[in-house]
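**Q** Numbering (the numbering used here), first residue to last: 7 to 134. Here it is, the structure, as structure tokens.
What follows is the structure, given as structure tokens:
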């Protein structure tokens with residue numbers, strides 16, 4: 007018999023003070039419930055992370071190819087002669103879909119408020 011098991015069994019089955027055994031049982035049950043809740047919350051969190059990651063990748067894509075320039079705004083310069091390399095990227099085995107997009111920054115004005123927006127233009131073959 008292991009030493010830890012011996013001590014735990016002796017504390018649970020005390021004849022001198024029967025209340026300590028019930029308190030120890032309550033403590034063991036509460037620790038078990040706490041561990042179970044931590045495992046459950048971790049599983050839920052991982053599920054939410056996966057869902058959020060999929061939503062973000064669906065909106066912005068995993069890889070964005072833009073021309074090399076000092077332009078740091080939302081309005082990127084268009085890629086010239088993209089058809090040459092786009093077909094080679096499209097036939098690469100892990101690539102599921104290649105999509106061209108256009109973005110345009112703008113301002114929406116209501117009665118007293120201004121709000122900056124970025125419009126994203128997609129083609130009819132967008133991969134939903």
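Think of the CB as a built atom: it goes at the ideal place given N, C-alpha and C, for glycine as much as any other residue. Everything numeric in this text was worked out from a predicted model, so none of it was measured.
1. Report the three-state DSSP secondary structure of residue 86 (helix, strand or coil).
2. Check residue 117 in the structure and name its three-state DSSP category.
3. Which of helix, strand or coil does DSSP assign to residue 124?
4. Could you tell me the boundaries of the alpha helix (DSSP H) in which residue 10 lies?
5. Quick one: what's got a C-beta closer than 6 Å to residue 121's C-beta in the same chain, skipping five residues either side?
6. Residues in its own chain within less than 8 Å of residue 101 by CB, not counting five upstream and five downstream?
7. Identify the residues that DSSP records as bridge partners of residue 108: which are they?
8. Nearest chain D C-beta to residue 107 closer than 8 Å, yes or no?
9. Less than 8 Å between the beta carbons of residue 123 and residue 109, yes or no?
10. Can you tell me the Cα-Cα spacing of residue 42 and residue 62, whole angstroms?
**A** On the basis of the coordinates in this document:
1. coil
2. coil
3. strand
4. 9 to 18
5. 114
6. 95
7. 127
8. Annotation note: the requested chain D is absent from the structure, which comprises a single protein chain.
9. no
10. 30 Å
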